[in-house]
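Protein chains in written order, with our numbering: chain L, 4 to 212; chain F, 197 to 471.
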């Protein structure tokens, strides 16, 4: 299989953990590598707007199905003044974004950003593993690329529809853990308290016999 | 000579395995939490101890594989130590760790005793809480080991399972690990150290033996059984010397201190986890 220039792509990945100190120290220049300096992340909050409850979205009034467009943001007003995270707030909170500090463009490409199901999109599942995942995960397969990067919050009721198995697995484990502590925390605390009130040991043993 | 005032509860091999479990479990807890909280100063300091984020990952993987080997060895040990002569019956006898109806009865009677409405149950060789601890580890190691191997070798794993299975493996691994750590650092430590019966430390798992009179008080059914069969004479041992007891206390309290440190640090930083 013909893979894109994977080694060149790897050079662009940097994060708070794996950094390119030499470049930062010598030039202080990051933009070329699409890398942010340590402890400085893109603005993901809108001042005065609590994300999640009333998500800020200038395009919210005209939502359309955009899964098969060559330019998925086609027709959005003032698009050039918007930032990805103004609308895609949840997509900035997964491990690849937060921990590996990947920028959106490193996977989704430059403008115009195609819908992931568009036939020529690099993120189309038929070539995602080769054109996107393999940039860092050398040897990625199509199965590997089916890992859900923008994972829904497994605790939410909506996840039972979007990723049912994840929701069931999460709630099974959560109930198991909560059940263990619901039984054993009070049990152990009561045990500890009760033992403070045992009488002297000898007489009690004899009376039991 | 010392008087033989203590009754043998654990063999040297069992104590060695428990020590190995202490070391590997705490290492896994520390390296795992360091990576979980790497965005926080606490996690970064913890990771620094092991040589950074990537070193934590490497240690976590290899120690995890050691634990899986330990689990395999324990299964072999089980095969050699099961009483095959009375086989199906011996599994459900009082010397076995397999739960039996009496454990459920003991559990409720114990709770009744907490509230003063029942007599304290006469425990046999293993209390129901000890059986729970044993089976928690017995299920925990394969679950954490299997999901951990899938996540560590994700490229190879995605040949066996679909890639989205790694999303599931991640959550199983994380919740099971939190459950295991909280259980050990709160409940297991409290029962082994803080309750009045054991305070300041139950040395049985380190020294191998427990004080006979104290054991008679809590595990009266077991001691009675040993006395009627006469086996008790083979199990009585003298107390360990002062030097060895100091070592046991130091090991025990180092483990408790590490666990409590991880517990408190994890709880304090828990609002800032990247989920």
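A virtual CB, placed ideally from N, CA and C, is assigned to each residue, including glycine.
**Request:** Kindly indicate if chain L contains any beta-carbon less than 8 Å away from that of residue 470 of chain F.
**Result:** True, the Cβ-Cβ gap to chain L drops below 8 Å.
**Request:** With 8 Å as the threshold, decide whether the Cβ of residue 193 of chain L is near any Cβ in chain F.
**Result:** It does: the Cβ of residue 193 of chain L has a partner Cβ on chain F nearer than 8 Å.
**Message:** Against chain F, does residue 45 of chain L count as a neighbour if the rule is that its beta carbon must be under 8 Å from one of theirs?
**Reply:** With a pLDDT of only 40 at residue 45 of chain L, under 50, the local geometry of the prediction cannot be trusted, and the value read off the model is given with reservation. No, its Cβ sits nowhere closer than 8 Å to a Cβ of chain F.
**Request:** Please classify residue 360 of chain F: is it buried, with 16 or more other beta-carbons within 10 angstroms of its beta-carbon, or exposed?
**Result:** It is buried - the Cβ of residue 360 of chain F has at least 16 other Cβ atoms within 10 Å.
**Message:** Taking only three categories from DSSP, how would you classify residue 294 of chain F?
**Reply:** Looking at residue 294 of chain F - three-state DSSP - the assignment turns out to be coil, as it is neither helix nor strand.
**Message:** For residue 328 of chain F and residue 336 of chain F, what's the separation of their Cα atoms in angstroms?
**Reply:** Residue 328 of chain F and residue 336 of chain F: Cα-Cα distance of roughly 12 Å.
**Asked** Expressed to the nearest angstrom, what Euclidean distance is found between the alpha-carbon atoms of residue 118 of chain L and residue 124 of chain L?
**Response** C-alpha separation (whole angstroms): 7 Å.
**Request:** Report the rounded CA-to-CA distance for residue 230 of chain L versus residue 127 of chain L, giving the unit in angstroms.
**Result:** The shown model of chain L, from 4 to 212, leaves out residue 230 of chain L, and the question about it has no answer.
**Item:** Under 8 Å by beta carbon: chain F residues contacting residue 150 of chain L
**Value:** Near residue 150 of chain L (Cβ distances below 8 Å), the residues of chain F are 350, 354, 359, 360, 362, 363.
**Asked** With respect to the alpha helix (DSSP H) encompassing residue 88 of chain L, which residues constitute its N-terminal and C-terminal limits?
**Response** Unbroken alpha helix (DSSP H) run through residue 88 of chain L: 87–90.
**Request:** Say whether chain F places a C-beta atom closer than 8 Å to the C-beta of residue 39 of chain L.
**Result:** Annotation note: pLDDT 46 at residue 39 of chain L (below 50); position unreliable, coordinate value reported separately. For residue 39 of chain L, the nearest beta carbon of chain F is not closer than 8 Å to its own beta carbon.
**Message:** Quick check: residue 273 of chain F and residue 303 of chain F, are their CB atoms within less than 8 Å of each other?
**Reply:** At the C-beta level, residue 273 of chain F and residue 303 of chain F stay beyond 8 Å of one another.
**Item:** residue 390 of chain F: contacting residues in chain L (beta-carbon distance under 7 Å)
**Value:** What residue 390 of chain F touches in chain L: 195.
**Prompt:** Is residue 280 of chain F buried or exposed, if buried means 16 or more other CB atoms sit within 10 Å of its CB?
**Reply:** The residue in question, residue 280 of chain F, is exposed, as its Cβ has fewer than 16 Cβ neighbours within 10 Å.
**Message:** Check whether the stretch 396–407 of chain F and the stretch 199–210 of chain F are in contact - that is, three or more C-beta pairs closer than 8 Å.
**Reply:** The stretch 396–407 of chain F is in contact with the stretch 199–210 of chain F.
**Prompt:** Under a CB-based cut-off of 8 Å, is residue 130 of chain L close to chain F?
**Reply:** No - not a single Cβ of chain F is within 8 Å of the one on residue 130 of chain L.
**Prompt:** Taking Cβ positions, are residue 263 of chain F and residue 341 of chain F nearer each other than 8 Å?
**Reply:** In contact: residue 263 of chain F and residue 341 of chain F (Cβ atoms closer than 8 Å).
**Message:** Quick check for students: name the residue ranges of the beta strand (DSSP E) that lie wholly in the stretch 404–429 of chain F, counting only runs of 3 or more.
**Reply:** Counting only runs of 3 or more, we get 405–407.
**Message:** What does the alpha-carbon distance come out to for the pair residue 545 of chain F and residue 391 of chain F?
**Reply:** There is simply no residue 545 of chain F to check, as chain F begins at 197 and stops at 471 in what is shown.
**Asked** Between which two residues does the alpha helix (DSSP H) containing residue 253 of chain F stretch?
**Response** For residue 253 of chain F, the uninterrupted alpha helix (DSSP H) segment begins and ends at 249–277.
**Asked** With C-beta atoms as the reference, is residue 146 of chain L less than 8 Å away from residue 290 of chain F?
**Response** No, they are not a contact pair.
**Prompt:** If you measure beta-carbon to beta-carbon, which residues of the stretch 371–398 of chain F are closer than 8 Å to chain A?
**Reply:** Within the model displayed, chain A is absent; protein chains L and F are what it includes.
**Contained alpha helix (DSSP H) runs [length at least 4] in the stretch 302–388 of chain F, N- to C-terminal order** = Every alpha helix (DSSP H) stretch that sits fully inside the stretch 302–388 of chain F and reaches 4 residues is listed by chain position as 324–348, 350–356, 361–378.
**Request:** Quick one: list the residues of chain L neighbouring residue 307 of chain F, beta-carbon separation under 8 Å, in chain order.
**Result:** Under the 8 Å cutoff, chain L gives 190, 193.
**Asked** Ends of the beta strand (DSSP E) at residue 203 of chain F?
**Response** Element bounds for residue 203 of chain F: 202–204.
**Message:** Let's see if you can read the secondary structure: which residues bound the alpha helix (DSSP H) around residue 202 of chain L?
**Reply:** For residue 202 of chain L, no alpha helix (DSSP H) encloses it, and the DSSP letter there is neither H nor E.
**Message:** Does residue 131 of chain L pass the burial test, meaning 16 or more other C-beta atoms within 10 Å, or should it be called exposed?
**Reply:** Buried is the call here.
**Message:** Please classify residue 179 of chain L as buried or exposed, where buried requires at least 16 other C-beta atoms within 10 Å of its C-beta.
**Reply:** Residue 179 of chain L is exposed by the Cβ-count criterion.
**Asked** Which same chain residues, not among the five before or five after residue 29 of chain L, have their C-beta less than 8 Å away from its C-beta?
**Response** Confidence at residue 29 of chain L is low in this model, with a pLDDT of 48, below 50, so its placement is unreliable and no value can be given for it.
**Request:** Could you check which residue in L/200, L/157, L/76, L/188 has the C-alpha nearest to that of residue 364 of chain F?
**Result:** When only C-alpha atoms are compared, the closest one is L/157.
**Asked** Closer than 7 Å, Cβ to any Cβ of chain L: which residues of the stretch 211–223 of chain F, in chain order?
**Response** The stretch 211–223 of chain F vs chain L, Cβ under 7 Å: nothing.
**Message:** Which residue wins for smallest C-alpha separation from residue 374 of chain F, given the options F/211, F/427, F/354, F/222?
**Reply:** Answer by Cα proximity: F/222.
**Request:** Tell whether a beta-carbon distance below 8 Å holds between residue 94 of chain L and residue 140 of chain L.
**Result:** Cβ atoms of residue 94 of chain L and residue 140 of chain L: not closer than 8 Å.
**Asked** Closest by CA to residue 120 of chain L, which one among L/191, L/186, L/74, L/197?
**Response** Closest by alpha carbon: L/74.
**Request:** Return no unless some Cβ of chain F is closer than 8 Å to the Cβ of residue 140 of chain L.
**Result:** With 8 Å as the cut-off, residue 140 of chain L counts as an interface residue toward chain F.
**Message:** Are the CB atoms of residue 367 of chain F and residue 173 of chain L within a distance shorter than 8 Å?
**Reply:** Between residue 173 of chain L and residue 367 of chain F, the C-beta spacing is below 8 Å.
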